[in-house]
Amino acid sequence: MESATVGSTRGRRERLRAATTAEIKQVALELMASGGPDAITLRAIAREMGMTANAIYGYFATRDDLVTTLINDVYTSLADAVDAAWDTAPAKGPSRRIQAWASAFRDWALANPEGFRLIYGDPVPGYRAPEGGAAPDAAHRVCTGLTALAAAAWPHAEHLYTDSDFQWSDFDAGLLGKVRPAFPDLPPAAVALALRIWGHLHGLVSLEVYGHLHTQTISPDKLFREELAQLVRSLGIAPKG
0 MESATVGSTR
10 GRRERLRAAT
20 TAEIKQVALE
30 LMASGGPDAI
40 TLRAIAREMG
50 MTANAIYGYF
60 ATRDDLVTTL
70 INDVYTSLAD
80 AVDAAWDTAP
90 AKGPSRRIQA
100 WASAFRDWAL
110 ANPEGFRLIY
120 GDPVPGYRAP
130 EGGAAPDAAH
140 RVCTGLTALA
150 AAAWPHAEHL
160 YTDSDFQWSD
170 FDAGLLGKVR
180 PAFPDLPPAA
190 VALALRIWGH
200 LHGLVSLEVY
210 GHLHTQTISP
220 DKLFREELAQ
230 LVRSLGIAPK
240 G
């Protein structure tokens, strides 16, 4: 009986701790949304939650620990979203897989603007990521997922890049460490293509997340769809997939 009571008490404490941790992270993102990356401080979060500064240190020892956790959470969420889109799109339709991955990326960014800004926007002032990065697994998944777009298109697009003079030495060693083991048959020109595809997708999504398209068009979704259609055409892939 006593053991059951102890277990029940421990369970309540764990649930309370998990709920408080989740609230801390949510408040941090809200502060970032209203005040920018430098608004994320443990004291400000404690004030918003009605906690003492000392109490919040029991959950995150430093502000950098919190930021690392936030980055890992949101980056993993993004990786899950784009991986699921890739896995459920028709494998024999490269254009559809590219469009599915790209659309999932945009949908996630619009649903999580603070998360997008945290991993792709202005850095949190003074933040120092741990060795290896804040979210190495998620970053690897998104990087290889993006390269998979180029790999899917490469059999159709290769003839368009016969004059490419990219060499492996043109790329960062960290990038090559991610993509070459996953795609050993891709040449340097295909890795450059992956970066150009990234530029297409990231550019429009960033403009939309940061509000720069708001006064330019009432149909940013149509703009994005047409950009994707043009992208797959430029890769020599029939839009029908």
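Using numbering that gives the first Met the number 0, the letters of the sequence shown correspond one by one to residues 0 to 240.
The beta carbon of each residue, even a glycine, is placed where N, CA and C say it ideally should be.
Task: Alpha-carbon spacing of residue 44 relative to residue 198, whole angstroms - done: Taking the straight line from one Cα to the other gives about 35 Å.
TODO: Return the Cβ separation of residue 93 and residue 155 in integer angstroms, given the expectation that the two are a contact with Cβ distance under 8 Å.
DONE: Correct: roughly 7 Å between the Cβ atoms.
Open item on the list: With the cut-off set at 7 Å, would you say residue 141 and residue 193 are in Cβ contact?
Closed with: Against a cut-off of 7 Å, the Cβ pair of residue 193 and residue 141 comes out as no contact.
- [ ] Within the same chain, show all residues whose beta-carbon is closer than 6 Å to that of residue 134, passing over the 5 residues directly before and after it, in chain order.
- [x] Excluding positions up to five away in sequence, the list reads 70, 71 and 74.
Task: Closest by C-alpha distance to residue 148, when choosing among 85, 218, 41 and 110 - done: Residue 85 is the option with its Cα nearest to residue 148.
Task: Same chain, Cβ closer than 8 Å to residue 216, five either side skipped, listed in chain order - done: Around residue 216: 222.
Task: residue 134 (DSSP reduced to helix, strand or coil) - done: If DSSP states are grouped into helix, strand and coil, residue 134 belongs with coil.
Task: N- and C-terminal bounds of the alpha helix (DSSP H) containing residue 35 - done: Per DSSP, residue 35 belongs to no alpha helix (DSSP H) and is neither H nor E.
Open item on the list: Please report the straight-line C-alpha distance between residue 169 and residue 188, rounded to a whole angstrom.
Closed with: One Cα belongs to residue 169, the other to residue 188, and the distance between them is close to 10 Å.
Task: Collapsed DSSP secondary structure at residue 166 in the structure displayed - done: Three-state DSSP puts residue 166 in coil, outside helix and strand.
- [ ] Would you check if the region 201-210 and the region 55-63 touch, i.e. whether three or more CB-CB distances between them fall below 8 Å?
- [x] Because the criterion of three Cβ pairs below 8 Å is not met, the region 55-63 and the region 201-210 do not touch.
TODO: Note the first and the last residue of the continuous alpha helix (DSSP H) segment covering residue 74.
DONE: In the DSSP annotation of this structure, the continuous segment of the alpha helix (DSSP H) that includes residue 74 starts and ends at 62-87.
Open item on the list: So for residue 190, helix, strand or coil by DSSP?
Closed with: Assignment of residue 190 by DSSP, reduced to helix, strand and coil, places it in the helix class.
Open item on the list: Let's test the definition: count the other Cβ atoms within 10 Å of the Cβ of residue 209 and tell me whether it reaches 16, buried, or not, exposed.
Closed with: Exposed.
Open item on the list: Count Cβ pairs between the region 174-186 and the region 113-120 that sit closer than 8 Å; are there 3 or more?
Closed with: No, the region 174-186 does not touch the region 113-120.
TODO: Count the other C-beta atoms from every protein chain shown that fall within 10 angstroms of the C-beta of residue 166, then say buried if there are 16 or more, exposed otherwise.
DONE: Only exposed fits residue 166, as fewer than 16 other CB atoms lie within 10 angstroms of its CB.
Open item on the list: Using only the alpha-carbon positions, how far apart do residue 39 and residue 11 sit?
Closed with: Going by the C-alpha atoms only, they are around 28 Å apart.
- [ ] Along the alpha helix (DSSP H) that carries residue 128, what are the first and last residues, could you check?
- [x] Taken as a continuous stretch (DSSP letters only), residue 128 belongs to no alpha helix (DSSP H), as it is neither H nor E.
Task: Residues near residue 41 in its chain [Cβ-Cβ closer than 6 Å; skip 5 each side] - done: Closer than 6 Å at Cβ, skipping near neighbours: 55 and 62.
Task: Given residue 16 as reference, the closest of 102, 236, 104 and 58 once Cα atoms are compared - done: The closest CA to that of residue 16, considering only 102, 236, 104 and 58, is found on 58.
Task: Where the alpha helix (DSSP H) containing residue 176 begins and where it ends - done: Segment 172-181, the alpha helix (DSSP H) holding residue 176.
Open item on the list: Suppose contacts are defined by Cβ-Cβ distances below 7 Å. Is residue 23 in contact with residue 231 by that definition?
Closed with: Judged by beta-carbon spacing, residue 231 lies beyond the 7 Å limit of residue 23, meaning their Cβ atoms are not closer than that value.
Task: Check whether residue 101 and residue 80 have beta carbons under 7 Å apart - done: Taking 7 Å as the Cβ cut-off, residue 101 and residue 80 do not qualify as a contacting pair.
TODO: Over the uninterrupted alpha helix (DSSP H) stretch that includes residue 59, give me the two end residues.
DONE: Residue 59 -> no alpha helix (DSSP H), and no H or E assigned at all.
Open item on the list: Assuming residue 66 and residue 123 are in contact, meaning their beta carbons sit under 8 Å apart, how far apart are those beta carbons, in whole angstroms?
Closed with: For residue 66 against residue 123, the beta-carbon gap comes to about 5 Å, under 8 Å, which counts as contact.
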